[in-house]
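Peer 1: Shown below is the structure under consideration.
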Amino acid sequence: MAVIFHENTQTFHIYNQYVSDILYIMQNGQIENLYYGRVINDKEDFSYLHEEVMRSQMSVCIPEPGLLSMHYVKQEYPVYGTGDYRSPALTIRQKNGSEIVDFKYESHEIFSGKRPLKGLPAVYTESGEEAETLEIKLHDSVINADLILSYTIFRDYPVIIRNARILHKGTAEIRLEGMMSASVEFPDMDYEMLQLSGAWGRERYIKTRKLEMGIQSIQSLCGTCSSAEQNPFLALKRPDTTEDAGEVFGFSLVYSGNFLAQVEVSTFDMTRVMIGIHEQGFSWELNCGEEFQTPEVVMVYSDKGLNGMSQTYHRLYRTRLMRGKWRDSARPILLNNWEATYFDFTEEKILQIAKKAKEVGVELFVLDDGWFGTRNDDYQGLGDWFVNTDKLPDGIAGLSRKIEEMGLKFGLWVELEMVNKNSDCYREHPDWLIGVPDRFESFARHQHVLDFSRPEVVDYIYDAITKILDESRISYIKWDMNRYMTEPFCRTEKPENQGKTMHKYILGVYDLYSRLTERYPEILFESCSSGGARFDPGLMYYTPQTWTSDDSDAGERQKIQYGTSLVYPIVSMGAHVSAVPNHQLFRKTPLSTRANVAYFGTFGYELDLNLLSEAEIEEVKEQICFMKKYRHLIQVEGDFYRIRSPFKGNETAWIVVSRDKTQAVAAFYQRLNKVNASWLRMNFKGLDEKMLYEVKWDDHILRAYGNELMYAGIPIDREALNKKGGDFASILYTLEAVQQ
Ligand code: DGJ
Numbered sequence: 015m016a017v018i019f020h021e022n023t024q025t026f027h028i029y030n031q032y033v034s035d036i037l038y039i040m041q042n043g044q045i046e047n048l049y050y051g052r053v054i055n056d057k058e059d060f061s062y063l064h065e066e067v068m069r070s071q072m073s074v075c076i077p078e079p080g081l082l083s084m085h086y087v088k089q090e091y092p093v094y095g096t097g098d099y100r101s102p103a104l105t106i107r108q109k110n111g112s113e114i115v116d117f118k119y120e121s122h123e124i125f126s127g128k129r130p131l132k133g134l135p136a137v138y139t140e141s142g143e144e145a146e147t148l149e150i151k152l153h154d155s156v157i158n159a160d161l162i163l164s165y166t167i168f169r170d171y172p173v174i175i176r177n178a179r180i181l182h183k184g185t186a187e188i189r190l191e192g193m194m195s196a197s198v199e200f201p202d203m204d205y206e207m208l209q210l211s212g213a214w215g216r217e218r219y220i221k222t223r224k225l226e227m228g229i230q231s232i233q234s235l236c237g238t239c240s241s242a243e244q245n246p247f248l249a250l251k252r253p254d255t256t257e258d259a260g261e262v263f264g265f266s267l268v269y270s271g272n273f274l275a276q277v278e279v280s281t282f283d284m285t286r287v288m289i290g291i292h293e294q295g296f297s298w299e300l301n302c303g304e305e306f307q308t309p310e311v312v313m314v315y316s317d318k319g320l321n322g323m324s325q326t327y328h329r330l331y332r333t334r335l336m337r338g339k340w341r342d343s344a345r346p347i348l349l350n351n352w353e354a355t356y357f358d359f360t361e362e363k364i365l366q367i368a369k370k371a372k373e374v375g376v377e378l379f380v381l382d383d384g385w386f387g388t389r390n391d392d393y394q395g396l397g398d399w400f401v402n403t404d405k406l407p408d409g410i411a412g413l414s415r416k417i418e419e420m421g422l423k424f425g426l427w428v429e430l431e432m433v434n435k436n437s438d439c440y441r442e443h444p445d446w447l448i449g450v451p452d453r454f455e456s457f458a459r460h461q462h463v464l465d466f467s468r469p470e471v472v473d474y475i476y477d478a479i480t481k482i483l484d485e486s487r488i489s490y491i492k493w494d495m496n497r498y499m500t501e502p503f504c505r506t507e508k509p510e511n512q513g514k515t516m517h518k519y520i521l522g523v524y525d526l527y528s529r530l531t532e533r534y535p536e537i538l539f540e541s542c543s544s545g546g547a548r549f550d551p552g553l554m555y556y557t558p559q560t561w562t563s564d565d566s567d568a569g570e571r572q573k574i575q576y577g578t579s580l581v582y583p584i585v586s587m588g589a590h591v592s593a594v595p596n597h598q599l600f601r602k603t604p605l606s607t608r609a610n611v612a613y614f615g616t617f618g619y620e621l622d623l624n625l626l627s628e629a630e631i632e633e634v635k636e637q638i639c640f641m642k643k644y645r646h647l648i649q650v651e652g653d654f655y656r657i658r659s660p661f662k663g664n665e666t667a668w669i670v671v672s673r674d675k676t677q678a679v680a681a682f683y684q685r686l687n688k689v690n691a692s693w694l695r696m697n698f699k700g701l702d703e704k705m706l707y708e709v710k711w712d713d714h715i716l717r718a719y720g721n722e723l724m725y726a727g728i729p730i731d732r733e734a735l736n737k738k739g740g741d742f743a744s745i746l747y748t749l750e751a752v753q754q
């Protein structure tokens, strides 16, 4: 790993054994990208990679007889108005109304490790040897501001992390109207763009499209979150790239609010990728001495296909984005009462459910929505973080003690950013809502957004919730957030600062997460947002797991978890076995399949086990034993490989293999059963070709070499699928290396 500056040629080479990023200080002082891709040897001079010819209507930005036009240059951080007619990464409005800027190279700094970002989540290093960072300082002398472009390269990963910040030193205020985290350019357009798109209940489906000239983009304008509709991620892959071979470039934004991820292809086939905070609703005034820091973007290069890219994100995010006690630990097997009771529960009912959970081997009981204020339905109570003693006479303190006395840990649901108008909190503080005075306040799920851009609101919620946490025995928090923002407006801010509201809201959320996770380092936090509307790297910094989707149907979950795995590690995906008929799809799937899907996540139950038959309870006990045996492999130690895509056919398959390749757990799932079906094989992945494995599934045991299992595969046992009910049946395989 190295960051080298070749003084004579004014060239930076950022590289490790996998990837190279080569930057060049152009004649006009701005930074050009000469190359980004698979590692190439370092040398002094890469200037031949700068391409320049005289073209019609070309605007030249240096004095004659030179020739340099920004429209044809692959730039590191482009701006508009000086001859480049593509979208800019940076727009600064100045006092005189001009948006023209000219940031020229001034100096640079190379240091080991990586610095944290103020107020923002970020990938971190644990020692200086893990990574090296280059910061290039550019300066605009007219407005007197510095622009700092930051690049961190990791020693062990094909990863470069970028961010940008601006420091205003001038006396006249300036206004940021748009500031992307990074811009990256490629010399050709022979790529497909991959994105994770969806909606509530069907989050993060993989969508692919061929690049065309012009702009293609995804975005969130939801204000409170990265959204269920689009995830803050895109990748460019070559058309012939598969799951296991070929080039992919991933871009993942460590942020939970409004974002834009955009690819612009010029009519000269150049491809520009930009990702960062969306400029809609964003406008940030900077006075003398003030700074603005963008979120960071984690760029992964893979020449081992999509699985290669995903495994890099999984390892990096699991070990260098997640933090705290739970980072390296397998997660407790939980039971959540939401789908068992919804709002309709008493302490007696909860204790009955918890007792049965304890009997089968569950470790953590989670009390979901409905325990506070007058929260008997979703019309009321949010904001009133004191217990409803009609339902829970001994409070959360009493209930948590009783649950712990049963031998279970206790977890609690909260939705701290929201308020119902029917609540004491709203009646006392009607001016704490995000919303424009004198205008209708749109509602969603009958609730409104508290203005977390205001520190006094965050402080109030912090005090209310720490009171509950301090007096109770709480090991887990599910932090929910169930609506998008409307009428974005802060009632206490000056008109010129309204464009800060949405970003400051997210900073307020991060601030509360920081304070709570620091104060309660033992608590396992799980984020949630109407299921998976906040499944993003920003939140992963604070919460090592996220409720993946409100759709708990095992068939639909295959798609959701498969898509989510493109970027996010298995251990981050909240996954539960729920009742049938399923509450979202009214579909019946076998109990075995419901567990076979949930194993590839945090694993838990979301139903009243008292309603199961004795045979089903026995099955549940076996499931829990299985997960206790294999969860360290699945959640912490293993590498996940996608084998068959639910987006391409009737079957899904995947596998987790231990780092030393001696152990693996794999699963095959079918959707609809087929009569007189064609032959089908389960071809494993990621095994050691030469190791001999003992493979077990249902009543079968087979000894076979890794290469047999990967290339010849095991025929799918149709009879076994039929016996398990046919539709939505599945097969779970365990593999252990044995002496030859
Ligand atoms: C939405 C979540 O996704 C559900 O799991 C549940 O916690 C409800 N909110 C409770 O209101």
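Everything in the sequence shown is counted per the working numbering, starting at 15 for the first residue and increasing by one.
Beta carbons are placed, not taken as given, at the ideal position from N, Cα and C, and that holds for glycine.
Being a predicted model, the structure only gives us computed values, none of them experimental.
1. Can you give the Cα-Cα distance for Met554 and Pro135, rounded to whole angstroms?
2. Closest to Ser544 by CA distance: which of Ala743, Leu626, Arg497 is it?
3. Looking at the structure shown, is Thr252 part of a helix, part of a strand, or coil, going by DSSP?
4. For Ser234, which beta-bridge partners are listed by DSSP?
5. Does the distance from the C-beta atom of Glu532 to that of Gln559 stay below 8 Å?
6. Check Gln3 in the structure and name its three-state DSSP category.
7. Does the Cβ of Ile721 have 16 or more other Cβ atoms within 10 Å, making it buried, or fewer, making it exposed?
8. How is the beta strand (DSSP E) around Arg223 delimited, first residue to last?
9. Hey, is Ser544 close to the ligand DGJ, as in C-beta under 7 Å from one of its heavy atoms?
10. Give me the Cα-Cα distance between Tyr356 and Ser316, rounded to the nearest whole angstrom.
11. Given a cut-off of 8 Å on the beta-carbon distance, is the pair Ala680 and Phe654 in contact?
12. Tell me, which residues are paired with Ser121 by DSSP?
13. Spatial neighbours of Gly409 within its chain, please: CB distance less than 8 Å, with the 5 preceding and 5 following residues excluded, ordered by chain position.
14. Does the contact criterion of 3 or more C-beta pairs under 8 Å hold for the segment 277–289 versus the segment 194–204?
15. Near Glu186, what residues of its chain come up, given a Cβ to Cβ distance below 8 Å and the 5 sequence neighbours on each side ignored?
16. Which residues share a DSSP beta bridge with Arg107?
17. Would you mind stating whether Ile488 and Gly569 have Cβ atoms separated by less than 8 Å?
18. Please return the same chain residues whose Cβ sits closer than 6 Å to the Cβ of Arg176, not counting the five positions on each side in sequence.
19. Are the CB atoms of Lys221 and Gln230 within a distance shorter than 8 Å?
20. By the DSSP assignment, the alpha helix (DSSP H) with Ser528 in it spans what residues?
21. Once the 5 residues before and after Asp550 are set aside, which same chain residues still bring their CB inside 6 Å of it?
22. With distances taken Cα to Cα, identify the nearest neighbour of Ile715 among Phe742, Ile180, Trp385, Leu746.
23. Considering only their Cβ atoms, is the gap separating Ser744 from Tyr683 smaller than 8 Å?
24. Please classify Thr256 as buried or exposed, where buried requires at least 16 other C-beta atoms within 10 Å of its C-beta.
25. Give the DSSP-derived three-state secondary structure of Glu243 in the structure shown.
26. Relative to the ligand DGJ, is the shortest distance from any of its heavy atoms to the C-beta of Asn436 smaller than 7 Å?
27. Could you tell me how far apart the beta carbons of Pro729 and Arg685 are, in whole angstroms, since I believe they sit closer than 8 Å?
28. Can you tell me whether Gly133 is buried or exposed? The criterion is at least 16 other CB atoms within 10 Å of its CB, across all chains shown.
29. In the structure shown, what three-state DSSP assignment does Lys737 receive?
30. Excluding five sequence neighbours on each side, which residues of the same chain lie with their C-beta closer than 6 Å to the C-beta of Asn596?
31. Tell me, to the nearest whole angstrom, how far the beta carbon of Trp427 is from that of Val380; I am working on the premise that it is less than 8 Å.
32. When you measure from the CB of Trp352 to every non-hydrogen atom of the ligand DGJ, does any distance come out below 7 Å?
33. Below 8 Å, how does it come out for the segment 582–596 and the segment 639–657: are there three or more Cβ pairs, yes or no?
34. DSSP beta-bridge partners for Tyr29?
35. Candidates Leu706, Tyr725, Gly727: which alpha carbon is nearest Arg717's?
36. Please go through the segment 552–590 and give each complete beta strand (DSSP E) segment of 3 or more residues, from N-terminal end onward.
Peer 2: Let me spell this out:
1. The C-alpha of Met554 lies about 9 Å from the C-alpha of Pro135.
2. Relative to Ser544, the option among Ala743, Leu626, Arg497 whose CA is nearest is Arg497.
3. The displayed chain sequence assigns Arg, not Thr, to residue 252. Residue state, collapsed to three classes: coil.
4. BP columns for Ser234 point to Phe273.
5. Contact: no.
6. Here the chain comprises residues numbered 15 to 754, so residue 3 is not present and cannot be evaluated.
7. First, the residue type needs correcting, since residue 721 is Asn and not Ile in the sequence shown. With fewer than 16 other Cβ atoms within 10 Å, it is exposed.
8. According to the DSSP assignment, Arg223 belongs to the beta strand (DSSP E) that extends over 219–224.
9. Distances from the CB of Ser544 to the heavy atoms of the ligand DGJ include at least one below 7 Å.
10. Spanning the alpha carbons of Tyr356 and Ser316 requires a straight line of approximately 44 Å.
11. Their beta carbons are not under 8 Å apart, which means Ala680 does not touch Phe654 by this criterion.
12. Ser121 pairs with Lys151.
13. Taken in chain order, the residues that qualify are Val401, Thr403, Glu485, Ser486.
14. Contact holds: three or more Cβ-Cβ distances are below 8 Å.
15. The residue you asked about is not Glu; residue 186 is Ala in the sequence shown. The residues Gln108, Lys109, Ile157, in chain order, have a CB closer than 8 Å to that of Ala186 in the same chain once the five nearest residues on each side in sequence are set aside.
16. Partner(s): Arg189.
17. For Ile488 and Gly569, no; Cβs fall outside 8 Å.
18. Shown here for Arg176: same chain residues with a beta carbon closer than 6 Å to its own, the five before and five after excluded, namely Tyr165, Ala196, Val311 in chain order.
19. No, these two residues do not count as a Cβ contact at 8 Å.
20. In the DSSP assignment, Ser528 falls within the alpha helix (DSSP H) that extends over 515–533.
21. Closer than 6 Å at the Cβ level, and outside the excluded window around Asp550, lie Ser240, Pro246, Ser270.
22. Check the Cα spacing between Ile715 and each of Phe742, Ile180, Trp385, Leu746: the tightest is with Leu746.
23. In contact: Tyr683 and Ser744 (Cβ atoms closer than 8 Å).
24. Classification for Thr256: exposed.
25. Shown here, Glu243 sits in coil according to DSSP, grouped into three states, outside any helix or strand.
26. Outside the cutoff, so no.
27. In fact, because the Cβ distance is near 19 Å, the residues do not count as touching under 8 Å.
28. Counting of Cβ neighbours within 10 angstroms places Gly133 among the exposed residues, the total staying below 16.
29. Correct three-state label for Lys737: helix.
30. Cβ neighbours of Asn596 beyond the five flanking positions: Asp567.
31. Correct: roughly 7 Å between the Cβ atoms.
32. Short note on Trp352: C-beta closer than 7 Å to some heavy atom of the ligand DGJ.
33. Because the criterion of three Cβ pairs below 8 Å is met, the segment 582–596 and the segment 639–657 touch.
34. For Tyr29, which the question treats as bridged, DSSP gives the partners Ala16, Ser34.
35. Minimum Cα distance to Arg717 is reached at Leu706.
36. Along the segment 552–590, the beta strand (DSSP E) occurs as fully enclosed runs of 3 or more residues at 559–561, listed in sequence order.
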